[in-house]
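Our numbering puts the first residue of the sequence shown at 1, with every later residue one more than the last. Cβ atoms here follow ideal geometry from the backbone N, Cα and C, with glycine treated the same way. Working notes for the structure below.
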Amino acid sequence: MSLTVTPIRPDFGAEVSGLDLSAPQNPDIKRELNALLARYAVLVFRDQSLSPPQFMAAAENFGELMDQQLKKYVLPDYPMVGCNSTDDLPRKNGKLQVRGENYHTDHSNERCPPKATTLHALQVPPSGGDTQFVDVRQAYDDLPTTLKEKIRNLYSLHVHQSSRSPRELTKLSPEDLAKIPTALQPLVIKHPGSGRPALYLNTGRMEGIDGMDPDQGYALIEDLYRRATHTRYEYRHKWRVGDMVIWDNQAVMHQANADYDPEQKRFLYRLMIKGVALTPALA
Ligand SMILES: [Fe+2]
1 MSLTVTPIRP
11 DFGAEVSGLD
21 LSAPQNPDIK
31 RELNALLARY
41 AVLVFRDQSL
51 SPPQFMAAAE
61 NFGELMDQQL
71 KKYVLPDYPM
81 VGCNSTDDLP
91 RKNGKLQVRG
101 ENYHTDHSNE
111 RCPPKATTLH
121 ALQVPPSGGD
131 TQFVDVRQAY
141 DDLPTTLKEK
151 IRNLYSLHVH
161 QSSRSPRELT
171 KLSPEDLAKI
181 PTALQPLVIK
191 HPGSGRPALY
201 LNTGRMEGID
211 GMDPDQGYAL
221 IEDLYRRATH
231 TRYEYRHKWR
241 VGDMVIWDNQ
251 AVMHQANADY
261 DPEQKRFLYR
271 LMIKGVALTP
281 ALA
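This is the structure we're talking about:
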């Protein structure tokens with residue numbers, strides 16, 4: 001079986017066809033898939049039909065599975081598999097409150113954040129509920145040289161929820177919160193696969209810039225975030241039932257959308273792949 005790769009942009013996002021992900025893949029295909037993920041950062045596989053164990057095996061083509069942090073949103077029989085379901089979402093004034101509704105990279109407060117996250121769509125609303133991605137490698141490349149020099153040695157402490165988070169993250173009990181790690185992360189990272197530098201931002205979790213006046217630190221984060229989330233860096237994925245989409249957390253930020261009818265069911269499985277400690281771009 002040979003893969004067909006259709007890039008969405010020249011080096012950002014690709015649709016991969018010619019592969020049945022419910023079947024085991026040989027080492028050559030696994031290598032190719034990982035090389036494609038390192039290059040394109042978001043891979044889209046259409047028309048898959050994966051049971052939870054098949055989805056786990058499909059994700060394992062990209063590495064070892066990582067435990068879900070929020071245990072209340074997992075499949076009872078397969079606790080490694082998280083689920084994003086309309087039924088679990090609170091509503092405020094008739095509008096859904098969606099987890100992940102501002103651009104972020106997953107679990108950036110872990111010393112080793114997940115290499116990748118993947119979703120498999122089982123039910124999707126007729127409209128809305130897209131997932132947006134921005135290419136934070138290209139966003140870094142396009143920064144003015146002076147700004148690149150200013151930020152290249154900076155770090156930020158990532159915590160469960162920043163004191164200036166633009167959204168409220170899932171509330172945790174004091175015991176659970178005490179178990180959540182914090183991590184000092186470089187503002188500019190180097191991708192372990194492609195070697196490309198990228199911005200590493202997560203406004204929900206970043207507690208300013210290390211060693212910088214808080215107001216100046218948050219202003220710098222806001223400026224970088226505004227630049228990185230420009231639509232010129234965006235791929236907006238419109239879900240179809242059967243899609244499996246995997247993205248590289250060291251190359252993109254992503255966000256969910258709560259813009260669909262709360263009466264329409266949206267249900268996706270979610271898995272994460274273990275990652276390594278981040279490398280600063282200029283180390
Ligand atoms: Fe997320």
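### Query
alanine 256: beta carbon under 8 Å from a heavy atom of ligand 3?
Ligand 3 is absent from the structure shown, which contains only ligand 1.
### Task
May I ask which residues mark the beginning and end of the beta strand (DSSP E) holding glycine 94?
Per DSSP, glycine 94 belongs to no beta strand (DSSP E) and is neither H nor E.
### Buried versus exposed call for glycine 217 [16 or more other C-beta atoms within 10 Å across all chains shown]
buried
#### Entry: Beta-carbon separation (whole angstroms), threonine 118 vs lysine 190, contact threshold 8 Å
About 23 Å; that fails the 8 Å criterion.
### Message
Please tell me whether, using a cut-off of 8 Å, the distance from the CB of aspartate 307 to the nearest non-hydrogen atom of ligand 1 is below it.
### Response
What the structure shows of the chain is the stretch from 1 to 283, and residue 307 is not part of that stretch, so it cannot be assessed.
### Task
Put leucine 154 into one of helix, strand or coil per three-state DSSP.
coil
### Task
Could you check how far apart the C-beta atoms of glutamine 264 and proline 90 are, in whole angstroms? I think they sit under 8 Å.
About 16 Å; that fails the 8 Å criterion.
### Query
Is threonine 105 near leucine 201, with beta carbons less than 9 Å apart?
yes
### Beta-carbon separation (whole angstroms), glycine 129 vs asparagine 257, contact threshold 8 Å
6 Å
### Query
With a cut-off of 8 Å, do at least 3 Cβ pairs link the stretch 132-149 to the stretch 222-236?
yes
### Assigned secondary structure, glutamate 149 (DSSP; H/G/I helix, E/B strand, else coil)
helix
### Query
glycine 18 to asparagine 26, Cα distance in whole Å?
14 Å
### Message
Quick check: what's the CA-CA separation for serine 156 versus threonine 146?
### Response
19 Å
### Message
Quick check: what's the CA-CA separation for glutamine 68 versus arginine 266?
### Response
20 Å
### Backbone CA spacing between arginine 99 and phenylalanine 133 [nearest angstrom]
15 Å
### Message
For threonine 131, tell me which candidate among Arg205, Trp247, Asp210 and Ser22 has the shortest Cα-Cα distance.
### Response
Trp247
### Any 3 or more C-beta pairs closer than 8 Å across the stretch 178-186 and the stretch 162-169
no
### Message
Could you check whether the stretch 27-47 touches the stretch 68-78, counting it as contact only if at least three pairs of C-beta atoms, one from each stretch, sit closer than 8 Å?
### Response
no
### Message
Just to confirm, is the Cβ distance from leucine 184 to leucine 199 under 9 Å?
### Response
no
### Task
May I have a chain-ordered list of the alpha helix (DSSP H) segments no shorter than 4 residues that lie completely inside the stretch 54-95?
none
### Task
Check the DSSP bridge columns for arginine 270 and list the partner residues they point to.
Gly82 and Leu119
### Message
Any heavy atom of ligand 1 inside 8 Å of the beta-carbon of threonine 203?
### Response
no
### Message
Buried or exposed for glycine 195, going by 16 or more other Cβ atoms inside 10 Å?
### Response
exposed
### Residue from Ala219, Thr203, Tyr233 and Val136 whose Cα sits closest to the Cα of glutamate 101
Thr203
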